[in-house]
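Engineer: Protein chains in written order, with my numbering: chain A, 6 to 226; chain B, 17 to 756; chain C, 61 to 237. My structure is below; once you've seen it, I'll send some questions.
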Ligand SMILES: Nc1ncnc2c1ncn2[C@@H]1O[C@H](COP(=O)(O)OP(=O)(O)OP(=O)(O)O)[C@@H](O)[C@H]1O
Ligand SMILES: [Mg+2]
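Put into structure tokens, the structure is as follows:
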């Protein structure tokens, strides 16, 4: 579904990616691990069409997305991808439910329908009571769960998560990973998780290691 | 330790530097304006006093037989040059030892002309060469400030033989010069004081808002530094003290900078025209104690403001917490506005039982109260509005904007407060002035532009006891002047409208084909006669046909009804239309020794109606206020975007259209700005209507001016967006996804 | 930790006396717990019996201390197999893994590949345990967690070692010289 082949990216003098490749099939959960500064986030951003690589190919469903214009990539991200970041992704002034409804509204859904769907997701997360709260009044774990719901609510084909549990304790982190993998699996969405945490990586079906801007070929275990 | 404290307090970083620069700049701007406001009143008073002195100097007692200066103002045609008024003073000396005239070093000899610098420049310019015809004498000196109202005034002082100056004021000494007080009629002073009052409040408030907005720049980073200071052991008192000291230093720097700027600007005062006049730099000197007081108060006020804002946050070693997270502003906030309106209503009831000063005080209090009321009620309005917007929002951008405004209505209003107050003050002025004009012009107000001259030149002479022969001589002279093609003589009736004989004559001079009946003359339509109607005016002895714009030439009166006037007092001229011809006509009238008034189409075409000074002043102030308010808005918007750039970048990464983010940012500014502007415009009309009632003046609402005002406010919003949105564009770049 | 394989590995760098072997082993691998002499000779005898080492032909024996041992073809193959085989992920494996890494470095082999392979094996085990945890009952979850935390510690060590592999190589080869 997603084929990243030999992409390169540099920022000024820094070579962040030097021929990295990554494949993700539908329903597959892939962890991207590697030392700090190795280029994991950059790989994720390129794969998701947030950044445009300097070289190499990124294809989604057979379509070169690195060649698309900003507007098309933006639409692709909006409709086909979901994102979870370490923190700060919720709009602080919107309620939890409105935050979850946001991607659907961006996709043109009616506000009422979007909010109803958002509440359904909160029920799925067993967090109905936070619907009217603002992110500032949520715990970190609750906030991340809301973020996961927001990433999945518009039924994306691929979910990208960059250190989704980075600021959580292990139990909250597990909850978040559990719902991310479970709910994405229910929808048959592919998931790419960038993480430092082997226990998070263990939620994936396979993991790839990035080192010095390259994906190290995994040795068959 | 102290070094660490200082560096933590002031902190590095570009935003901190920008912030300090903006604060200092804002304070400096406020100081410049305040000093200007303090100076402009006395400066105008001085200028007016000089004009009064020039027009009616104190004459010597008849018993005083010392050699005297003969001084005649208005003895010759006060008329226009290059579309501006020219004033000619005729002076002479009864003998050696007569005092020098004001503004000159000696008495000009007969035939000598002294001119004001502006007139001098005009006469020397290519375009002004034709006006030299008016001054046959030698231009031989320059007039100084003592006789001029402002540097741009056109004044000529013409030396005359003393014999020609009978009836002029005899002056043996200018010692009594100080006696002249500005000839101010009460209403005008009242107007002026009221407008200055409004202006002072209206300008200082947005400047204060701007300074306050600037302190928000980089506030988060700064508060973190405060927390770091607490962590290394500073007491809350030390942190607050440090912040106050920093503010005081910025205030002092701003004050000094402002003073320097004001002094610098003062030297340029002659080049800048404020409210229709430029000013002599020397006139612009507010009392020293006022300057000192302003400079001394600034750092203190800045420090106090810093302490007040520090009270709103609790700085702990672990971070900064806002005290009492501002609850929704409630409708109680409308009370002060209501109170101030009630106060004005009471003043209306008391009406004329109040003295003028009492009225002024009541109005001042009411106005200040209204401004305070707007400031207090504004956040409520923004909050209520934001709630409504968020409730009905269908698009994500609208929803985000509404919720953001709802979360911080006070901050949002602070951003637009300057502009909103500007609109309020401007509304007050825009409504007050036309109402006042309308009232003072009486009900039958006629726009001043009606009487366009119909001939190329129109000369009216006042014989004033001079022999008729002089009038006839002038007529012959006029007919022979180069450039003058035809002259028709007429008599003056009432209200300066000319009636003259001869249909054929009229069509010649006016160069229009007039339908001329066999036995008819033309009558002025303003006389209200119909064709063929006998015309009887003042005993049927004086009036004949009349002239107004050709479309008005429609009335035919039987010739026999009104005989031609025996002695004309009005001449209508057909000329080649040149400025030179016009000036020759003027010179001829001046030379005839008759007091006369000359209007020419050439001059009329160049004539720029002098703008109403108060109005101009108000417009200037409004423009200033709106730009300051725009600066505040830009600062707030940029800060708001930078503060949450990660959030915005994440939204953009998740595929949010940049357009949605832009529309959220734009709505966040435009919705409150628009609604609050309209609201404060309405409040302004209401308050001013009350104010007018107090003075017993009827309300005239200048719809168009108000619409322009609101458009200007919208324009400011648009300009702010034009500057702020590119910042947003950069803030949503992927590099902002990285954690800091 | 497999002493026989370690000994084989040391012999792979060249023929050695039993005494040398003990010294080499002690400096690199034993740290707190040196090998007893008996243990080294017993190990060598077993290796000799299995045909993995032989006595050096050129220096005929003059008492046990003077015997020099040489690794055989079979021995080299066995060593190779062992080096590239990953360890069953279980707690406290690091000393074995450590030995493998050091030996790999000594032999100029790709120690990083060893670590990567081990990492992959660990990850696979962690995935199983995570799956068990997600589907099993509370007891399963707790047991899985216990194992997961230990494996995680190993994994972190593996990653750290991979990150410091160049420093380790320098240290190891300096000792050898
Ligand atoms: N916008 C940027 N400007 C400059 N350098 C950048 C930028 N983004 C990434 N880099 C550099 O590229 C390299 C890879 O960065 P990246 O964020 O992808 O690493 P990472 O593997 O995600 O690290 P971490 O685990 O710490 O998040 C780093 O050296 C980083 O400094
Ligand atoms: Mg990263």
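Here a beta-carbon is modelled for each residue, glycine too, at the ideal position from N, C-alpha and C.
1) When the Cβ atoms of the segment 136-152 of chain B are set against those of the segment 68-75 of chain B, are three or more pairs found closer than 8 Å?
2) Within the same chain, show all residues whose beta-carbon is closer than 8 Å to that of residue 33 of chain B, passing over the 5 residues directly before and after it, in chain order.
3) Taking a cut of 7 Å between CB atoms, which residues from the segment 60-84 of chain B lie near chain A?
4) Within 10 angstroms of its Cβ, does residue 344 of chain B collect 16 or more other Cβ (buried), or is it exposed?
5) Cα separation between residue 40 of chain B and residue 206 of chain A?
6) Looking only at its chain, what residues have a beta carbon closer than 7 Å to the beta carbon of residue 749 of chain B, apart from the 5 residues adjacent to it on each side?
7) Please classify residue 412 of chain B: is it buried, with 16 or more other beta-carbons within 10 angstroms of its beta-carbon, or exposed?
8) According to DSSP, is residue 96 of chain C part of a helix, a strand, or is it coil?
9) Taking C-beta to C-beta, are residue 648 of chain B and residue 219 of chain B nearer than 8 Å?
10) Pull up the distance between the alpha-carbon of residue 169 of chain B and that of residue 102 of chain B, whole angstroms please.
11) Using the Cβ count rule (16 or more neighbours within 10 Å means buried), how would you classify residue 737 of chain B?
12) State the Cα-Cα distance for the pair residue 211 of chain A and residue 167 of chain C, rounded to the nearest angstrom.
13) State the start and end residues of the unbroken alpha helix (DSSP H) segment that holds residue 146 of chain A.
14) Given 7 Å as the limit, tell me if residue 46 of chain A has its C-beta closer than that to any heavy atom belonging to ligand 2.
15) For a test of the three-state rule: what should DSSP assign to residue 717 of chain B, helix, strand or coil?
16) State the DSSP-derived secondary structure class of residue 87 of chain B, mapped to helix, strand or coil.
17) Can you list, in chain order, the residues of the segment 74-96 of chain A whose Cβ is nearer than 9 Å to any Cβ on chain B?
18) Could you check if residue 167 of chain A belongs to the surroundings of ligand 2, using beta carbon to heavy atom distance under 7 Å?
19) Assuming contact is defined by CB atoms lying nearer than 8 Å, are residue 641 of chain B and residue 394 of chain B in contact in what I supplied?
20) Are three or more beta carbon pairs between the segment 251-259 of chain B and the segment 675-695 of chain B nearer than 8 Å?
21) Run through the segment 300-357 of chain B for me and flag every whole alpha helix (DSSP H) of 4 or more residues, listed as ranges in chain order.
22) Cα-Cα, which of B:307, B:725, B:652 is closest to residue 46 of chain B?
23) Nearer than 7 Å: is that true of the beta carbon of residue 436 of chain B relative to any heavy atom of ligand 1?
24) Does any residue of chain C have a CB that is nearer than 8 Å to the CB of residue 212 of chain A?
25) By how many angstroms is the C-alpha of residue 120 of chain A removed from the C-alpha of residue 114 of chain A?
26) Starting from residue 83 of chain C, follow the alpha helix (DSSP H) in both directions and report where the run begins and ends.
27) Counting only beta-carbon atoms, is residue 71 of chain A nearer than 8 Å to chain C?
28) Rounded to whole angstroms, what's the CA-CA distance from residue 109 of chain C to residue 132 of chain C? Just pull it up for me.
29) Suppose you measure from the CA of residue 691 of chain B to the CA of residue 391 of chain B; what does that come to, to the nearest Å?
30) Can you tell me which of the three DSSP states residue 103 of chain C falls into?
31) With a threshold of 16 other CB atoms inside 10 Å of the CB of residue 206 of chain C, please say whether the residue is buried or exposed.
32) Classify residue 94 of chain A as buried or exposed, calling it buried when 16 or more other Cβ atoms lie within 10 Å of its own Cβ.
33) Are any of the Cβ atoms in chain B nearer than 8 Å to that of residue 108 of chain A?
34) Considering only the beta carbon of each residue, do residue 437 of chain B and residue 428 of chain B sit closer than 8 Å?
35) Using the three-state DSSP reduction, which class does residue 540 of chain B fall into: helix, strand or coil?
36) Using DSSP with H/G/I as helix, E/B as strand and the rest coil, what is residue 207 of chain C?
Structural biologist: With the structure as the only source:
1) In short, these stretches do not touch, since the Cβ pair count stays below three.
2) Within the second chain, numbered from 1, the residue matching residue 33 of chain B stands at position 17. For residue 33 of chain B, where only same-chain residues beyond five positions count, there are no Cβ hits under 8 Å.
3) Result list empty, no residue passes.
4) Position 328 of the second chain, counting from 1, holds the residue named residue 344 of chain B. Within 10 angstroms of the beta-carbon of residue 344 of chain B lie fewer than 16 other beta-carbons, which makes it exposed.
5) In the second chain, counting from the first residue as 1, residue 40 of chain B sits at position 24. In the first chain, counting from the first residue as 1, residue 206 of chain A sits at position 201. Taking the straight line from one Cα to the other gives about 54 Å.
6) Position 733 of the second chain, counted from the start, is the residue given in the question as residue 749 of chain B. In chain order, 665 place their CB closer than 7 Å to the CB of residue 749 of chain B, counting only its own chain and leaving out the 5 sequence neighbours on each side.
7) Here residue 412 of chain B corresponds to residue number 396 of the second chain, with the count starting at 1. Looking at its Cβ environment, which holds 16 or more other Cβ atoms inside 10 Å, residue 412 of chain B is buried.
8) Counting from 1 along the third chain, the entry for residue 96 of chain C is found at position 36. Three-state DSSP puts residue 96 of chain C in coil, outside helix and strand.
9) As a position in the second chain, residue 648 of chain B is number 632, starting the count at 1. As a position in the second chain, residue 219 of chain B is number 203, starting the count at 1. Against a cut-off of 8 Å, the Cβ pair of residue 219 of chain B and residue 648 of chain B comes out as no contact.
10) Along the second chain, one-based indexing puts residue 169 of chain B at 153. Along the second chain, one-based indexing puts residue 102 of chain B at 86. If you take the alpha carbons of residue 169 of chain B and residue 102 of chain B, they lie about 8 Å apart.
11) As a position in the second chain, residue 737 of chain B is number 721, starting the count at 1. Per the 10 Å Cβ criterion, buried.
12) On the first chain, position 206 is the one that residue 211 of chain A refers to. On the third chain, position 107 is the one that residue 167 of chain C refers to. Residue 167 of chain C has its alpha-carbon roughly 31 Å from the corresponding atom of residue 211 of chain A.
13) Walking along the first chain from the start, residue 146 of chain A turns up at place 141. Annotation for residue 146 of chain A: the continuous alpha helix (DSSP H) segment containing it runs 145-157.
14) The count along the first chain starts at 1 and reaches residue 46 of chain A at position 41. Inclusion of residue 46 of chain A in the 7 Å shell around ligand 2 follows from its C-beta lying nearer than that to a non-hydrogen atom of the ligand.
15) Walking along the second chain from the start, residue 717 of chain B turns up at place 701. DSSP places residue 717 of chain B in coil when its eight states are reduced to three.
16) Here residue 87 of chain B refers to the residue found at position 71 of the second chain. Residue 87 of chain B falls in the strand class under three-state DSSP.
17) Of all residues in the segment 74-96 of chain A, those with a C-beta nearer than 9 Å to a C-beta of chain B are 75, 76, 78, 79, 80, 81, 82, 83, 84, 85, 86, 87, 88, 90, 91, 92, 93, 94, 95, 96, reading in chain order.
18) Numbered from 1 along the first chain, position 162 holds the residue referred to as residue 167 of chain A. Indeed, a heavy atom of ligand 2 lies less than 7 Å from the Cβ.
19) Within the second chain, numbered from 1, the residue matching residue 641 of chain B stands at position 625. Within the second chain, numbered from 1, the residue matching residue 394 of chain B stands at position 378. Cβ atoms of residue 641 of chain B and residue 394 of chain B: not closer than 8 Å.
20) Not touching, per the Cβ criterion.
21) Positions of the alpha helix (DSSP H) runs, each at least 4 residues long and wholly inside the segment 300-357 of chain B, are given as 304-327 in order along the chain.
22) What you label residue 46 of chain B is simply residue 30 of the second chain in a count that begins at 1. If we check each option's Cα against that of residue 46 of chain B, B:307 comes out closest.
23) Against the second chain, residue 436 of chain B aligns to sequence position 420. Flag unset: Cβ of residue 436 of chain B not near ligand 1.
24) For the purposes of this step, residue 212 of chain A is taken as residue 207 along the first chain, with counting starting at 1. So yes, residue 212 of chain A belongs to the interface.
25) Residue mapping note: residue 114 of chain A aligns to position 109 of the first chain, counting from 1. Residue mapping note: residue 120 of chain A aligns to position 115 of the first chain, counting from 1. Distance between the alpha carbons of residue 114 of chain A and residue 120 of chain A is about 10 Å.
26) Taking the third chain and counting its residues from 1, one reaches residue 83 of chain C at position 23. Looking at the DSSP string, the run of the alpha helix (DSSP H) that includes residue 83 of chain C is 78-85.
27) Stepping through the first chain from its first residue, residue 71 of chain A is reached at position 66. No - not a single Cβ of chain C is within 8 Å of the one on residue 71 of chain A.
28) Numbered from 1 along the third chain, position 49 holds the residue referred to as residue 109 of chain C. Numbered from 1 along the third chain, position 72 holds the residue referred to as residue 132 of chain C. Distance between the alpha carbons of residue 109 of chain C and residue 132 of chain C is about 12 Å.
29) Reading the second chain from its first residue, position 675 is the one you call residue 691 of chain B. Reading the second chain from its first residue, position 375 is the one you call residue 391 of chain B. If I take the Cα positions, the gap works out to 14 Å.
30) Stepping through the third chain from its first residue, residue 103 of chain C is reached at position 43. In the structure shown, residue 103 of chain C sits in a helix (DSSP, three-state: H, G or I).
31) Stepping through the third chain from its first residue, residue 206 of chain C is reached at position 146. Exposed is the call here.
32) Taking the first residue of the first chain as 1, we reach residue 94 of chain A at position 89. Per the 10 Å Cβ criterion, buried.
33) The count along the first chain starts at 1 and reaches residue 108 of chain A at position 103. Contact of residue 108 of chain A with chain B is assigned, a C-beta pair being separated by under 8 Å.
34) As a first step, residue 437 of chain B is located in the second chain; it is residue number 421 there, counting from the start. As a first step, residue 428 of chain B is located in the second chain; it is residue number 412 there, counting from the start. Not a contact, by the Cβ cut-off of 8 Å.
35) If you number the second chain from 1, residue 540 of chain B lands on position 524. Reliability fails at residue 540 of chain B, whose pLDDT of 44 lies under 50, so the model's placement of it is uncertain and the value that follows must be treated cautiously. Residue state, collapsed to three classes: coil.
36) Numbered from 1 along the third chain, position 147 holds the residue referred to as residue 207 of chain C. Reduced to three states, the DSSP call for residue 207 of chain C is helix.
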